[in-house]
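Asks: Residue numbers (the UniProt record's numbering), protein chains in the order written: chain A, 1 to 235; chain B, 1 to 610. Here you go, one structure.
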């Protein structure tokens with residue numbers, strides 16, 4: 001009797017193991033239709049949603065960083081002296097639409113490319129900003145962390161936009177090409193006047209904030225266009 | 001040079017004149033705010049300064065961020081007084097506008113401070129529209145669903161602007177609003193509202209911008225309802241009340257038994273034989289009389305006790321009946337038979353044990369004499385000749401010996417007995433005849449009567465007298481008693497016993513201490529090692545005790561038996577060391593002391609009286 005029982009148990013175990021082994025494959029992905037597809041890539045809509053979320057988050061953090069910097073280092077009367085002559089945001093190689101009407105007139109391709117250019121143009125300045133902020137005596141940790149975080153997130157945003165371009169436009173683009181010349185050269189090591197450097201950094205932060213908002217808006221417009229082109233163009 | 005000088009002088013004069021006249025150049029205007037409702041257009045408002053008494057015109061100029069071109073406001077009317085409206089074409093996002101306002105009047109102009117504006121950050125949408133609130137009835141209870149529409153101008157559909165909504169609710173009587181965040185959705189369900197009239201308002205905000213104004217109040221009336229939870233509680237309450245009522249009713253029915261259980265009746269104090277009515281009557285005499293127990297202390301029963309207790313047989317055929325029953329009955333406070341020594345010094349006074357009879361019974365071992373005594377089994381002072389020693393604890397008959405306990409011994413435990421004894425020799429004397437009378441069925445009665453105690457002078461502490469009486473009785477007993485009283489058989493343990501040698505015609509018992517060397521058969525230790533002999537009695541009635549170690553029984557027992565006194569003296573301990581006892585005989589010891597034969601002190605007498 002005992003021998004028979006042992007044999008039964010062993011057979012059960014073996015069969016169970018076979019089942020487990022047979023199921024030991026990666027799960028198949030399903031799209032909305034419910035059919036099994038191979039999980040190789042993410043859908044376009046989800047990708048766009050994620051890119052938009054990224055852009056929103058970047059903007060929010062950049063806004064907070066700007067506010068922090070403003071409170072800490074910029075004297076109050078100078079708040080209005082942003083973007084005065086000489087302290088302008090760096091220009092882009094090709095014109096970015098500046099209004100809704102302009103934005104509505106450009107095509108998807110241009111929208112995406114605009115976003116990509118914006119993202120790529122800010123890679124280096126953010127790195128520069130990190131180094132300069134470290135030089136401040138009592139820069140709050142939150143500010144430093146935020147700028148660091150933003151530069152990281154910008155990288156991932158760039159990757160997402162590249163993928164999106166490839167998907168939507170079927171174009172292949174080289175990533176992180178430093179096509180754009182930076183007007184802002186890294187510091188030579190000299191310690192400039194405090195106020196000058198403060199204003200310059202402040203200018204950088206505000207410009208970045210604007211560009212982040214631009215990215216966010218463009219992506220959202222793009223999303224609308226993906227779903228329903230006609231309704232987006234109305235109004 | 002002259003012209004400029006002239007102009008200066010003229011303006012100076014003009015100023016003076018204007019000041020005198022009350023007119024002046026305009027004050028400085030101030031830009032109050034710029035707002036964009038949908039991120040496509042925007043409006044700026046300014047506040048005019050002092051107009052200086054003259055009609056003043058205002059102009060708004062702006063300059064874009066990266067150009068030096070100055071533009072003037074395209075539209076002064078649309079937005080109202082002192083405002084500038086920038087339409088879609090003129091609005092550029094993500095660029096800074098440098099806006100200034102210039103006030104001009106006849107005398108001069110004044111420029112306001114410049115203001116930097118980026119349209120993206122000045123967005124304040126209009127309020128949401130068509131706020132509607134309805135009551136939805138569901139199983140859990142009714143709730144309010146609020147829904148609205150976006151402000152007309154905001155283009156959220158294309159994603160150009162993203163709006164977040166917020167609503168607030170308040171009852172009219174409440175002080176503060178309760179705010180709820182609805183996010184990007186355009187509806188909201190409000191739960192847990194009390195019945196009554198509610199006010200609802202909604203507002204919105206772009207993801208980065210300013211909050212809009214609250215909408216106009218929308219009213220909603222919440223109906224009365226009974227929540228399931230509350231109804232459940234009501235049911236539970238009713239049920240519990242019902243249960244409590246039933247329990248109370250049951251308790252009420254079983255009131256008595258519950259009372260008994262919880263509050264058992266406390267027994268009132270009771271004294272047996274005591275009638276509470278006496279207390280009520282209030283007569284103390286009666287009360288105290290009732291408290292008195294008849295027959296306590298046992299004064300008159302002494303003799304009876306003795307009589308009941310002791311049965312002495314003198315006849316060998318007449319077996320001494322050991323009244324075991326009497327033993328048990330009378331010996332209430334008796335100690336164990338073996339406790340011969342405890343507390344009863346008199347019991348140890350074996351000197352009182354009359355062995356005269358024993359002597360006469362020498363050789364006879366057939367007699368069975370039993371003695372019963374207070375508190376212990378009969379002192380088998382008599383024993384067969386074959387036996388080694390007496391067995392005090394054995395109730396068996398001891399042959400050959402007839403002994404009567406001295407009175408002292410007979411009632412050893414009871415204090416009153418002792419005292420009674422001390423107080424008066426009466427019981428002592430009583431006992432003897434009573435004993436004899438009790439034993440009359442067993443022996444000749446007439447003989448006993450001779451031993452009436454009345455012949456014996458009651459003298460306390462007179463050992464000799466007592467002894468004489470005892471010996472008298474004993475002797476009498478001997479005479480009348482059996483023919484073969486085993487007098488001759490002395491107890492081997494008889495320490496300090498007095499043996500009745502013979503009875504003289506005067507009805508005197510001639511005693512002889514047991515330490516008589518004539519008693520060869522005894523071979524006993526006359527004087528007990530553990531007894532303390534009286535060495536000397538002083539005039540102060542102080543007894544000097546002496547510890548005896550010698551076993552020799554010096555028998556100074558005089559054979560003079562003629563006189564009582566001699567008899568008594570004969571009872572003196574033969575020890576050379578204590579002649580004092582003999583001497584002390586004359587000054588008889590006071591009350592409380594009784595010197596027995598052999599100098600043994602009856603310590604029972606020494607017990608303090610009450």
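All C-beta atoms, glycine included, are put in the ideal place defined by N, C-alpha and C.
(1) Less than 9 Å between CB atoms is the rule here; does residue 70/B satisfy it with respect to chain A?
(2) Since residue 221/A and residue 232/A should fall inside the 8 Å C-beta cutoff, what is the C-beta to C-beta distance between them, to a whole number of angstroms?
(3) What's the call for residue 93/B, buried or exposed, on a 16-neighbour Cβ count within 10 Å?
(4) Suppose contacts are defined by Cβ-Cβ distances below 9 Å. Is residue 37/B in contact with residue 166/B by that definition?
(5) Hey, quick one: how far does the alpha helix (DSSP H) through residue 249/B stretch, first residue to last?
(6) Decide if the stretch 33-47 of chain B is in contact with the stretch 2-17 of chain B; the criterion is three or more beta carbon pairs, one per stretch, under 8 Å apart.
(7) So, helix, strand or coil for residue 486/B, using DSSP?
(8) Answer with yes or no whether the minimum CB distance from residue 146/A to chain B is below 9 Å.
(9) For residue 154/B, which of 128/B, 145/B, 96/B, 247/B has the nearest alpha-carbon?
(10) If residue 146/B sits next to residue 29/B, beta carbons under 8 Å apart, how far is it from one beta carbon to the other, in whole angstroms?
(11) Between residue 164/B and residue 241/B, what straight-line distance do the alpha-carbon atoms span, to the nearest angstrom?
(12) If you follow the alpha helix (DSSP H) that residue 150/A is in, where does it begin and where does it stop?
(13) Within 10 Å of its beta-carbon, does residue 51/A have 16 or more other beta-carbons around it, so buried, or fewer, so exposed?
(14) For residue 214/A, report the span of its alpha helix (DSSP H) as first-last.
(15) Which residue wins for smallest C-alpha separation from residue 207/A, given the options 178/B, 118/B, 84/B, 52/B?
(16) Are the stretch 109-116 of chain A and the stretch 145-162 of chain A touching, with three or more C-beta to C-beta distances below 8 Å?
(17) On the three-state DSSP scale, how would you describe residue 5/B?
(18) Just checking, does the stretch 132-143 of chain B make contact with the stretch 61-78 of chain B on the three C-beta pairs under 8 Å criterion?
(19) Quick check: what's the CA-CA separation for residue 189/B versus residue 148/A?
(20) Less than 9 Å separating the beta-carbons of residue 208/B and residue 128/A?
(21) Quick one: any contact between the stretch 172-183 of chain B and the stretch 81-100 of chain B, if contact means 3 or more CB pairs under 8 Å?
(22) Considering only DSSP beta bridges, list what residue 129/B is partnered with.
(23) So residue 103/B is in the beta strand (DSSP E); what residue range does that whole segment cover?
(24) Is there a Cβ from chain A that is less than 9 Å from the Cβ of residue 139/B?
(25) By the 7 Å beta-carbon criterion, what residues does the stretch 199-223 of chain A contribute toward chain B?
(26) Kindly indicate which three-state DSSP category residue 191/B falls into: helix, strand or coil?
(27) Roughly how many whole angstroms lie between the Cα atoms of residue 121/A and residue 56/B?
(28) Between 74/A, 61/A, 224/A, which has its C-alpha nearest residue 158/B's C-alpha?
(29) Would you mind working out which of 41/A, 49/A, 55/A sits nearest residue 216/A, comparing C-alpha positions?
(30) Looking at the structure shown, is residue 89/A part of a helix, part of a strand, or coil, going by DSSP?
(31) Which of the residues in the stretch 86-97 of chain B, read from start to end, lie with their CB under 8 Å from any CB of chain A?
(32) Closer than 7 Å by beta-carbon distance: list the chain A residues that pair up with residue 214/B, in chain order.
(33) Roughly how many angstroms lie between the CA atoms of residue 246/B and residue 192/B, to the nearest whole one?
(34) If you check the beta carbons only, do residue 58/B and residue 71/B fall under 9 Å apart?
(35) Specify the secondary structure class of residue 76/A as computed by DSSP and reduced to three states.
(36) Taking C-beta pairs closer than 7 Å, name the residues in chain B that residue 63/A reaches, listed in chain order.
Replies: Looking at the atomic coordinates:
(1) Taking CB atoms only, residue 70/B has no neighbour in chain A less than 9 Å away.
(2) Their Cβ separation, rounded to whole angstroms, is 7 Å, which keeps residue 221/A and residue 232/A in contact under 8 Å.
(3) Around the CB of residue 93/B, 16 or more other CB atoms lie within 10 Å, so the residue is classed as buried.
(4) Against a cut-off of 9 Å, the Cβ pair of residue 166/B and residue 37/B comes out as no contact.
(5) 228-253 is the span of the alpha helix (DSSP H), which, as asked, contains residue 249/B.
(6) Because the criterion of three Cβ pairs below 8 Å is not met, the stretch 33-47 of chain B and the stretch 2-17 of chain B do not touch.
(7) At residue 486/B, the pLDDT of 44 sits below 50, so the modelled position is not reliable; the number obtained from the coordinates is stated separately. Correct three-state label for residue 486/B: coil.
(8) Closer than 9 Å: no.
(9) The closest CA to that of residue 154/B, considering only 128/B, 145/B, 96/B, 247/B, is found on 128/B.
(10) Separation of the CB atoms of residue 146/B and residue 29/B is rounded to 43 Å, and the pair is thereby denied contact status at 8 Å.
(11) CA-CA distance, residue 164/B to residue 241/B, rounds to 53 Å.
(12) Start and end: 141-169.
(13) Residue 51/A counts as buried, since at least 16 other C-beta atoms from the protein chains shown sit within 10 angstroms of its C-beta.
(14) Where residue 214/A is concerned, the enclosing alpha helix (DSSP H) stretches over 194-227.
(15) That would be 118/B, whose Cα lies nearest to the Cα of residue 207/A.
(16) Here the stretch 109-116 of chain A makes contact with the stretch 145-162 of chain A; the two share three or more CB pairs at distances below 8 Å.
(17) Under the three-state reduction of DSSP, residue 5/B is assigned to helix.
(18) The stretch 132-143 of chain B makes no contact with the stretch 61-78 of chain B; the number of CB pairs closer than 8 Å stays below 3.
(19) In this model, residue 189/B and residue 148/A are separated by some 41 Å (Cα to Cα).
(20) Against a cut-off of 9 Å, the Cβ pair of residue 128/A and residue 208/B comes out as no contact.
(21) The stretch 172-183 of chain B and the stretch 81-100 of chain B do not touch, with fewer than 3 CB-CB distances between them shorter than 8 Å.
(22) Paired residues: 149/B.
(23) Where residue 103/B is concerned, the enclosing beta strand (DSSP E) stretches over 96-104.
(24) By this cut-off, residue 139/B is not an interface position.
(25) Using a CB distance below 7 Å, the part of the stretch 199-223 of chain A facing chain B consists of 210, 213, 214, 217, 220, 221, 223, ordered along the chain.
(26) Secondary structure of residue 191/B (DSSP, three-state): coil.
(27) C-alpha separation (whole angstroms): 48 Å.
(28) Looking at the Cα atoms, 224/A is the closest of the given residues.
(29) Closest by alpha carbon: 55/A.
(30) It is coil, neither helix nor strand.
(31) Those residues of the stretch 86-97 of chain B placed with their C-beta closer than 8 Å to a C-beta in chain A are 88, 89, 91, 92, 93, 94, 95, 96, ordered along the chain.
(32) Those do not exist, as residue 214/B stays about 25 Å from chain A at its closest Cβ, beyond 7 Å.
(33) Taking the straight line from one Cα to the other gives about 37 Å.
(34) Not a contact, by the Cβ cut-off of 9 Å.
(35) The answer is helix: DSSP assigns residue 76/A an H, G or I state.
(36) Simply 208.
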